[in-house]
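Below is one structure; the comments refer to it alone.
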Amino acid sequence: MNVYDSARMADVLAPHGFAPVDAPDDADMVILNTCHIREKAAEKVYSELGRIRQIRERRAADGRKTVIAVAGCVAQAEGEEMRARAPFVDIVLGPQTYHRLPEMVARAARAGGVVATDFPVEAKFDELPEASAPQGPSAFLTVQEGCDKFCTFCVVPYTRGAEFSRPAAQIVAEAKKLVAQGSAEITLLGQNVNAYRGPAPDGGTWGLARLIRALAEIRGLARIRYTTSHPRDMDEALIEAHADVPALMPFLHLPVQSGSDRILTAMNRGHGAADYRALVESLRRARPDLALSSDFIVGFPGETEADFAATLALVRDVGYAQAYSFKYSPRPGTPASLAEDQVPDAVKTERLHRLQAELWDQQRRFNESKVGSVMPVLLDKPGRRPGQLLGRSPWLQAVHLDAPAHDMGRIVEARIGAATVSSLAGRALVREDAAA
Ligand code: SAM
Ligand code: SF4
Numbered sequence: 001m002n003v004y005d006s007a008r009m010a011d012v013l014a015p016h017g018f019a020p021v022d023a024p025d026d027a028d029m030v031i032l033n034t035c036h037i038r039e040k041a042a043e044k045v046y047s048e049l050g051r052i053r054q055i056r057e058r059r060a061a062d063g064r065k066t067v068i069a070v071a072g073c074v075a076q077a078e079g080e081e082m083r084a085r086a087p088f089v090d091i092v093l094g095p096q097t098y099h100r101l102p103e104m105v106a107r108a109a110r111a112g113g114v115v116a117t118d119f120p121v122e123a124k125f126d127e128l129p130e131a132s133a134p135q136g137p138s139a140f141l142t143v144q145e146g147c148d149k150f151c152t153f154c155v156v157p158y159t160r161g162a163e164f165s166r167p168a169a170q171i172v173a174e175a176k177k178l179v180a181q182g183s184a185e186i187t188l189l190g191q192n193v194n195a196y197r198g199p200a201p202d203g204g205t206w207g208l209a210r211l212i213r214a215l216a217e218i219r220g221l222a223r224i225r226y227t228t229s230h231p232r233d234m235d236e237a238l239i240e241a242h243a244d245v246p247a248l249m250p251f252l253h254l255p256v257q258s259g260s261d262r263i264l265t266a267m268n269r270g271h272g273a274a275d276y277r278a279l280v281e282s283l284r285r286a287r288p289d290l291a292l293s294s295d296f297i298v299g300f301p302g303e304t305e306a307d308f309a310a311t312l313a314l315v316r317d318v319g320y321a322q323a324y325s326f327k328y329s330p331r332p333g334t335p336a337s338l339a340e341d342q343v344p345d346a347v348k349t350e351r352l353h354r355l356q357a358e359l360w361d362q363q364r365r366f367n368e369s370k371v372g373s374v375m376p377v378l379l380d381k382p383g384r385r386p387g388q389l390l391g392r393s394p395w396l397q398a399v400h401l402d403a404p405a406h407d408m409g410r411i412v413e414a415r416i417g418a419a420t421v422s423s424l425a426g427r428a429l430v431r432e433d434a435a436a
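Those letters in the sequence shown? Residues 1 to 436, by our numbering.
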């Protein structure tokens, strides 16, 4: 989402004469777009700011000015505190005020420091200009923001604010523009993307499944993905869409966090481990080749060895193609950070290693299961060496292909020859091979 937000900040500044540069030394304005989900985020921002301050001083010696802004959730959480600790920062802006950036730049030039961390009444997406810069073969599109779920470990409801869904017509128009600019794949984004309930063109309300069906009608949009979903919002309509919308890719990021009911309750996730297993079963009935990924937190306060064993058991039962796993990190202002039964760091580290060993093994086995098969690959990046391009499989695996440069941006049929834990490798089939 920060990648998408950064692109939108560039869009909003473009009419005011700003264009992206490759190096901070060339920048008249530097924006740090930050994430606050785990600890040390704020410390990293302050140390990066120290580096940018030196750049500003170097540029000042040549008579060039540099505006410094900090955006995103660390800015939201720190607010005035950031200007107190780093007074050379000109602008501190939260995720809901990006549309006001040009006005802030003008204000900072006139009167000095600006802090904008309110949740304004006007909707950011109504005020932002249309997305203008092409995103390439694979694009992001934010459809929903914020969260009302208040998991006890998480800062998102405090930094991103309440759940908000963009109007469906606005999303469809943005998707059409992305496709016209050459995107063949769109990933719909939201902190709780499947809680999407947006005003529809017919005056009603659309859920995510209905929105996906509307997007699937756009000619040239070959692939649709969405992330991140909450198990509680995975409704029948969305499961059905996986069965019968061919553009909806057979890969789903469905975080479970823990396999222990006791911990899931303490996390306020609103479902148990059996509910999650049943949900996975329904999804696989709808789309038998569906691959899953998840997020896991180890060492949540009070997690015992038995709780952790339940997580390992769930991982073995479900079988993941990929996953992210983290040590629990106490976040200021969240209920779990106040719990007295915090798990020692050494225990968290040891559990994380055991969990990751299992997850990497599953990921390697999933990748190896594709060796010898032919699959469509969307080529979206230059490869490591000449004659190679990098792309994505339907299951979001990175695929290194021997393919001519003119295949960039296309979906080609490819035969997979090798797999590692992190990627596949193969060659693009020439048309006659593909037909055979
Ligand atoms: N809304 C999504 C969901 O509920 O599944 C997750 C969004 S969150 C931005 C991404 C992931 O960060 C979470 O799934 C969780 O695993 C991890 N995370 C969030 N807060 C954390 C914390 N305090 N400590 C460790 N990991 C955390
Ligand atoms: Fe955070 Fe996701 Fe829970 Fe919302 S649902 S509080 S974003 S982990």
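Cβ atoms here follow ideal geometry from the backbone N, Cα and C, with glycine treated the same way. Fair warning: this is a prediction, and the values are worked out from it, not measured in the lab.
Asked, Found
"Pairwise C-alpha distance: LEU279 and GLU432", "In this prediction, GLU432 has a pLDDT of 49, which is less than 50 and means its spatial position is unreliable; nothing more can be read from the coordinates."
"Whole-angstrom C-beta distance between ALA108 and ILE91, which should lie under 8 Å", "5 Å"
"PRO157: CB within 7 Å of a non-hydrogen atom of ligand 2", "yes"
"Where SER387 falls: helix, strand or coil (DSSP)", "The amino acid at residue 387 is misidentified as Ser; the sequence shows Gly. Of the three classes helix, strand and coil, the one that applies to GLY387 here is coil, per DSSP."
"Enclosing beta strand (DSSP E) for TRP206 [first to last residue]", "205 to 207"
"Sub-8 Å separation of CYS147 and ARG166 beta-carbons", "no"
"C-alpha distance - VAL3 paired with ALA86, whole-angstrom precision", "25 Å"
"Near ligand 2: ASN2 beta-carbon under 7 Å from a heavy atom", "no"
"Any non-hydrogen atom of ligand 1 within 7 Å of ASP295 CB", "yes"
"Residue nearest to GLN135 in terms of C-alpha spacing, selected from LYS176, THR97, PHE18 and PRO376", "LYS176"
"Close beta carbons around TYR46, own chain, < 8 Å, minus the five adjacent residues each side", "ARG85 and ALA86"
"Cβ-heavy atom distance, PHE150 to ligand 2, below 7 Å", "yes"
"The stretch 152 to 159 in contact with the stretch 331 to 339 per 3-pair CB rule at 8 Å", "yes"
"Residues bridged to TYR324 [DSSP beta-bridge criterion]", "ASP295"
"PRO120 to THR311 span [Cα, whole Å]", "40 Å"
"Residues of its chain near ALA434, where Cβ-Cβ distance is below 6 Å and the 5 sequence neighbours each way are ignored", "At ALA434 the pLDDT is 47, less than 50, meaning the model places this residue with poor confidence and gives no usable figure here."
"contact_flag[the stretch 260 to 271, the stretch 212 to 224] where n(CB pairs < 8 Å) is 3 or more", "no"
"CYS73 Cβ short of 7 Å to ligand 2 heavy atom set", "no"
"Simplified DSSP state of GLY417, which is helix, strand or coil", "strand"
"DSSP beta-bridge partners of ARG232", "DSSP, once it has assigned bridges, lists no residue as partnering ARG232."
"Cβ-Cβ distance between ALA75 and MET82 below 8 Å", "yes"
"THR441 and LEU189 closer than 8 Å at C-beta", "Residue 441 lies beyond the residue range present for the chain, which begins at 1 and ends at 436; the question has no answer from this structure."
"Neighbourhood of ALA436 by C-beta distance below 7 Å, restricted to the same chain and skipping five residues each side", "At ALA436, the pLDDT of 43 sits below 50, so the modelled position is not reliable; the number obtained from the coordinates is stated separately. The answer is none, since no qualifying residue turns up."
"Assigned secondary structure, GLY113 (DSSP; H/G/I helix, E/B strand, else coil)", "coil"
"Under the three-state DSSP convention, the category SER423 falls into", "strand"
"Inter-stretch contact at 8 Å, needing at least 3 Cβ pairs: the stretch 124 to 133 / the stretch 5 to 13", "yes"
"Nearest to LEU49 (by Cα), restricted to the options VAL89, GLY203 and ARG351", "VAL89"
"Nearest neighbour of GLU57, chosen from ASP28, ALA41 and GLU43 [CA to CA]", "ASP28"
"HIS230: CB within 7 Å of a non-hydrogen atom of ligand 2", "yes"
"Straight-line Cα distance separating GLN342 from PHE300", "7 Å"
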